[in-house]
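Novice:
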Amino acid sequence: MNNNNLQRFLLWEEIMEDVRDAEEFYNIRREVLRRSNPFDLSDEKFIKLFRLTKPLCENLINIVRPFVHEPPRRSALTVQTKVLAALSFFGTGSYQEITGASNYVGISQPSVSRCIKEVCNAMNQPQILNNWIHFPRNIEEMQALRTRYASYWFRNNDYNVCNAYT
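The sequence shown maps to residues 788 to 953 in my numbering.
So, in structure tokens, the structure goes:
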């Protein structure tokens, strides 16, 4: 081997070692993210991140599971991760708080977009939609709903509900 080929070989070996190190780091990071279980958070922090209680979130995951595609790849996003990503987006309206900043979801913006689409499509299935979303069918039902929201708002001073009945 001449000197030029030896230098190329050594450079190639160095590059390949860097690639192996990067792959190892990526795999370790992915495993750490997979092991971060948001259900281990305190109830208060969980609600702040996902806007639902843990039991309600688990219920939602189980409800949409039959309608959300779970690819067989080991590295694929779980139904739980997809639902949590969508809930986080619904609660904040921001992709930035979900992508990378969270140890519990931490996926790319395009992945978050796909999660939102998939979870929304699942929630819009007639089996789910007709079971959970009910609109007032007449004036009396609408007035009763307004009264219920108004009494809740005045009793709890919850400003998040104030525009729900006006």
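Yeah, the Cβ is synthetic: ideal placement off N, Cα and C, and Gly gets one too.
All figures in this text were calculated on a predicted structure; none of them were measured in a lab.
1) Of the choices 842, 837, 809, 853, whose alpha-carbon is the least far from that of residue 912?
2) Hey, would you say residue 830 sits closer than 8 Å to residue 840, going by beta carbons?
3) Let's test the definition: count the other Cβ atoms within 10 Å of the Cβ of residue 844 and tell me whether it reaches 16, buried, or not, exposed.
4) Under a three-way DSSP split, which group does residue 807 fall into?
5) Mapping DSSP to helix, strand and coil, what is residue 894?
6) Just how far apart, CA to CA, sit residue 869 and residue 793?
7) Here's a check: name, in chain order, each residue in its chain whose Cβ is nearer than 8 Å to the Cβ of residue 800, leaving out the five neighbours to either side.
8) Skipping 5 residues on each side, what residues in its chain have a beta carbon closer than 6 Å to that of residue 955?
9) Expressed to the nearest angstrom, what Euclidean distance is found between the alpha-carbon atoms of residue 888 and residue 916?
Specialist: Let me lay it out:
1) Taking only the C-alpha atoms, the option nearest residue 912 is 853.
2) In this structure, residue 840 lies closer than 8 Å to residue 830 by Cβ.
3) The Cβ neighbour count for residue 844, taken over all protein chains shown within 10 Å, is at least 16; the residue is labelled buried.
4) Residue 807 falls in the helix class under three-state DSSP.
5) Residue 894 falls in the coil class under three-state DSSP.
6) Spanning the alpha carbons of residue 869 and residue 793 requires a straight line of approximately 49 Å.
7) Cβ neighbours of residue 800 beyond the five flanking positions: none.
8) Since the displayed the chain opens at 788 and closes at 953, residue 955 lies outside it and no answer follows.
9) Because the pLDDT of residue 888 is 49, which lies under 50, any placement of that residue in the model is unreliable, and the question is left without a value.
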